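Counting from 1, one number per residue, gives the positions in the sequence shown under the numbering used here. Ideal Cβ positions, reconstructed from N, Cα and C, are used throughout, including at glycine. None of the values given here were measured: they were computed from a predicted structure. Worksheet for the structure shown next.
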Amino acid sequence: MKAVRYHRYGDSDVLVYEEAARPVPAAGQVVVKVAGTSFNPVDVAIRAGHLQQAFPLAFPHVPGIDVAGTVDEVGAGVLGWRAGDAVVGFSPMNADGAAAAYVAVPAEILAAAPRTVEPADAAALPAVGLTAWQSLFEHADLKAGQSILVNGAGGAVGGYAVQLAAQAGAVVTATASARSADRVRGYGAEEIVDYTATPVTGTGERFDVVLNLVITSPQETAALVGLVADGGVFVSTTTPGQDDTDRDVRAVRVFARSDAAQLAELVARVDSGDLKIDVAARRPLSDLAAVHDEAITGRLAGKTVLTPA
Numbered sequence: 001m002k003a004v005r006y007h008r009y010g011d012s013d014v015l016v017y018e019e020a021a022r023p024v025p026a027a028g029q030v031v032v033k034v035a036g037t038s039f040n041p042v043d044v045a046i047r048a049g050h051l052q053q054a055f056p057l058a059f060p061h062v063p064g065i066d067v068a069g070t071v072d073e074v075g076a077g078v079l080g081w082r083a084g085d086a087v088v089g090f091s092p093m094n095a096d097g098a099a100a101a102y103v104a105v106p107a108e109i110l111a112a113a114p115r116t117v118e119p120a121d122a123a124a125l126p127a128v129g130l131t132a133w134q135s136l137f138e139h140a141d142l143k144a145g146q147s148i149l150v151n152g153a154g155g156a157v158g159g160y161a162v163q164l165a166a167q168a169g170a171v172v173t174a175t176a177s178a179r180s181a182d183r184v185r186g187y188g189a190e191e192i193v194d195y196t197a198t199p200v201t202g203t204g205e206r207f208d209v210v211l212n213l214v215i216t217s218p219q220e221t222a223a224l225v226g227l228v229a230d231g232g233v234f235v236s237t238t239t240p241g242q243d244d245t246d247r248d249v250r251a252v253r254v255f256a257r258s259d260a261a262q263l264a265e266l267v268a269r270v271d272s273g274d275l276k277i278d279v280a281a282r283r284p285l286s287d288l289a290a291v292h293d294e295a296i297t298g299r300l301a302g303k304t305v306l307t308p309a
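As structure tokens, then:
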């Protein structure tokens, strides 16, 4: 089969589109015929070796933590899945991923794929959708009537976070550029701050929850923590903040985990029309190195789905 692999840590030129052995399912695994995977920023950090202590790799390594496709083969001890089932999942960070024609994954990470979107596009949901869900409801404990600032709402996690927060009854303020403002407003944001024109920290507002999805300097992070109302929560998927004990402000750094039950809930919302999957670009798997380069230089807009030939 064809796969993208890298044989050592390094720059994007270590990503090679090449022949690889088709995986065989171990006990508790299924082999999925891949319809699509997607690019996530963490892919760059893992490839470069910045996270090797947390997520050590065995080389050669196949990237791609998001998987969408159909079950092709079921390993010993697997119940509930059979060949032909359409599935999505968030694979373990350091396991061989879905940048390939086939991937072996733990059966426990899978949920039934949404029926209302193209099979490959479902790969734009798992990792970022779960990051948004866990940020809002596990770490921030967001409730109806609370106010939330989503900093970086135009990105993939931000789009889901705005939708989920609005559906939960929160009052959503979002930072977004003019390019994504209409989409974010359509997701339920009541106020848009164009960060290219107005610093969000200059609005004078405070929020029960601040969700930061943007890489920020220590000074910028501290300013964002300052936007949290007394007793509120600062949640970041990027730069960690510091607790403000004087104001009872809690700071949380998010590391998303795979959760099939939560993913099934997200899928149900997609199929009911309550949750929109936004795909900015669809590319062949052989473009993955170029996608990494575009992400590093800030030229990658939104969620990119990659499909095998």
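Please tell me whether residue i and residue j are closer than 7 Å, where the distance is taken between their beta carbons.
i	j	result
ASN94	LEU130	no
VAL270	PRO114	yes
VAL184	VAL210	no
ALA166	VAL157	no
ALA123	GLY36	yes
VAL87	VAL71	yes
PRO126	LEU263	yes
ASP121	ILE296	no
GLY64	LYS33	no
LEU275	GLN163	yes
GLU73	VAL31	yes
Take residue i and list the residues in its own chain whose beta-carbon comes closer than 6 Å to its own, dropping the five residues that flank it on each side.
i	result
GLN146	ALA170, ASP208
ALA27	GLY75, ALA76, GLY77
LEU15	VAL4, TYR6, LEU288, ALA289
THR238	ILE215
ARG22	MET1, TYR102
ALA176	ALA153, GLY154, VAL184, ILE192
SER258	PHE90, ILE109
GLY241	THR221, VAL225, PHE234, ALA251
So the candidates are the options; which of them puts its Cα closest to the Cα of residue i?
i	options	result
LEU285	VAL42, VAL44, ALA98	ALA98
GLY226	LEU149, ILE192, THR175, LEU275	LEU149
LEU224	VAL24, ASN151, ASP259, GLN134	ASN151
GLU191	PRO199, THR198, ALA174, VAL200	ALA174
ALA153	LEU306, THR307, GLY302	GLY302
GLY186	GLU205, ALA197, TYR160, VAL42	TYR160
VAL117	GLY298, ASP293, ALA268, ALA309	ALA268
GLU220	VAL200, LEU266, GLN163, ARG299	VAL200
ASP293	ALA197, ARG47, VAL30	ARG47
GLY188	ALA168, GLY241, ALA140	ALA168
PRO119	LYS143, VAL128, ASP85, ALA132	ASP85
GLY298	ALA20, PRO41, GLU265	PRO41
Where does residue i land, buried or exposed, given buried means 16+ other C-beta within 10 angstroms?
i	result
ARG179	exposed
ASP182	exposed
HIS50	exposed
PHE90	buried
ARG8	exposed
GLY10	exposed
LEU54	Before going further, note that residue 54 is Ala rather than Leu in the sequence given. Answer is exposed; the Cβ neighbour count stays below 16.
VAL24	exposed
GLY202	exposed
PRO218	exposed
THR198	exposed
ASP66	buried
GLN29	buried
Spatial neighbours of residue i within its chain, please: C-beta separation below 7 Å, excluding the five flanking residues on both sides.
i	result
THR304	SER38, PHE39, ALA280, ALA281, ARG283, VAL291
ALA260	GLU108, ILE109, LEU110, ALA111
HIS310	Residue 310 lies beyond the residue range present for the chain, which begins at 1 and ends at 309; the question has no answer from this structure.
Regarding residue i and the ligand SAM, is the C-beta to nearest heavy atom distance less than 6 Å?
i	result
VAL291	This structure simply doesn't include the ligand SAM, nor any ligand for that matter.
By Cβ distance below 8 Å, which residues in the same chain neighbour residue i in space, the five residues on each side in sequence not counted?
i	result
ALA144	ALA168, GLY169, ALA170
* To do: Evaluate contact between the region 228-239 and the region 251-258, counting only Cβ atoms and requiring at least three cross-stretch pairs below 8 Å.
  => yes
* Kindly confirm or deny that the region 77-86 and the region 99-112 touch, where touching means at least three C-beta pairs closer than 8 Å. => yes
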